[in-house]
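One structure is given here, and the rest of the page talks about it.
Numbering (the numbering used here), first residue to last: 1 to 266.
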């Protein structure tokens with residue numbers, strides 16, 4: 001299964017895409033709730049779906065390295081710092097970002113083009129990291145009707161039943177990419193993502209500034225709000241989260257460093 005996943009990824013984004021999912025697609029045994037080895041299989045399979053939908057990995061190694069450096073710093077301050085995280089830029093002009101499971105995080109080059117400093121980037125990545133730390137997409141898998149009420153299905157069994165595994169992944173991908181996660185989960189990710197970035201030392205208000213800029217750009221875009229709450233609700237959620245910080249600090253924006261790494265890459 002790992003070899004097949006790598007070949008599919010390679011067709012979408014070359015060796016960089018194949019490397020992105022390498023090691024994450026081996027099925028393992030265990031009952032629900034989903035263990036980490038099972039989560040790796042799910043995360044890798046969903047990562048392939050994201051790559052397929054969004055034109056694969058954007059082949060700019062220096063840019064990818066920079067996004068990973070920022071993302072890894074935020075991941076270390078998250079509520080789930082003890083797993084491996086992988087960050088990739090998608091070759092797509094839409095304004096979006098995704099997280100699957102087991103540490104796979106994507107941001108489109110379109111969204112990168114709207115970000116103005118490193119603190120905003122950190123908050124966006126923090127949002128996606130919080131989906132992973134809270135295991136939001138795994139909840140979608142666990143609630144799948146394909147498993148049946150109260151079913152105790154081992155993922156070793158899914159390895160011998162690829163049709164069931166494919167069905168679970170297709171359902172999760174539809175929820176992630178087409179329908180969107182529950183709005184309360186998106187708002188929770190907004191709150192936590194800003195907090196994770198602030199823990200690193202970034203300006204805690206940077207995410208609010210970005211959301212306000214996107215609200216001015218997107219307005220009441222029905223297609224965007226199909227998968228996300230409206231911007232006013234998201235801004236309010238971030239502000240509520242930041243109000244819980246016990247020692248709020250001004251933090252850094254690092255706009256110049258961001259520009260140095262982004263300039264000429266998009």
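For each residue, glycine too, the CB sits at the ideal point set by N, CA and C.
Paired residues, beta bridge with residue i - DSSP
i	result
residue 104	86
residue 207	For residue 207, which the question treats as bridged, DSSP gives no partner whatsoever.
residue 202	252
residue 196	Looking at the DSSP assignment, residue 196 forms no beta bridge with any residue, so it has no partner.
residue 73	Answer is none; residue 73 lacks a bridge partner.
residue 271	Because the chain here runs from 1 to 266, residue 271 falls outside it and cannot be looked at.
For residue i, three-class secondary structure by DSSP
i	result
residue 243	coil
residue 267	Nothing in the structure corresponds to residue 267, since the chain is present only between 1 and 266.
residue 259	helix
residue 131	helix
residue 34	coil
residue 266	coil
residue 164	helix
residue 115	coil
residue 144	coil
residue 270	Limits of the chain in this structure are 1 at one end and 266 at the other, which puts residue 270 out of reach.
residue 219	coil
residue 60	coil
residue 184	helix
residue 80	coil
residue 28	With a pLDDT of only 34 at residue 28, under the threshold of 50, the placement of this residue in the model should not be trusted, and no figure is reported.
residue 92	coil
Assigned exposure category for residue i - 16 Cβ within 10 Å defines buried
i	result
residue 174	exposed
residue 166	exposed
residue 79	exposed
residue 192	buried
residue 246	exposed
residue 243	exposed
residue 104	buried
residue 69	exposed
residue 232	exposed
residue 43	buried
residue 35	exposed
residue 150	Because the pLDDT of residue 150 is 47, which lies under 50, any placement of that residue in the model is unreliable, and the number read from its coordinates should be weighed accordingly. Per the 10 Å Cβ criterion, exposed.
residue 186	buried
residue 203	buried
residue 240	exposed
residue 259	exposed
residue 256	exposed
residue 234	buried
residue 160	exposed
residue 82	exposed
residue 184	exposed
Cβ-Cβ distance between residue i and residue j below 8 Å
i	j	result
residue 57	residue 89	yes
residue 138	residue 171	no
residue 66	residue 261	yes
residue 179	residue 101	no
residue 207	residue 75	no
residue 46	residue 114	no
residue 129	residue 108	no
Supposed close pair residue i, residue j - CB separation, criterion 8 Å
i	j	result
residue 210	residue 120	4 Å
residue 253	residue 118	7 Å
residue 238	residue 182	Rounded, the Cβ-Cβ distance is 18 Å, inconsistent with contact.
residue 111	residue 71	Going by Cβ atoms, the distance from residue 111 to residue 71 rounds to 14 Å, so no, they are not a contact pair.
residue 50	residue 87	Not quite, the Cβ-Cβ distance comes to about 12 Å (not below 8 Å), so this is no contact.
residue 77	residue 200	5 Å
residue 134	residue 188	7 Å
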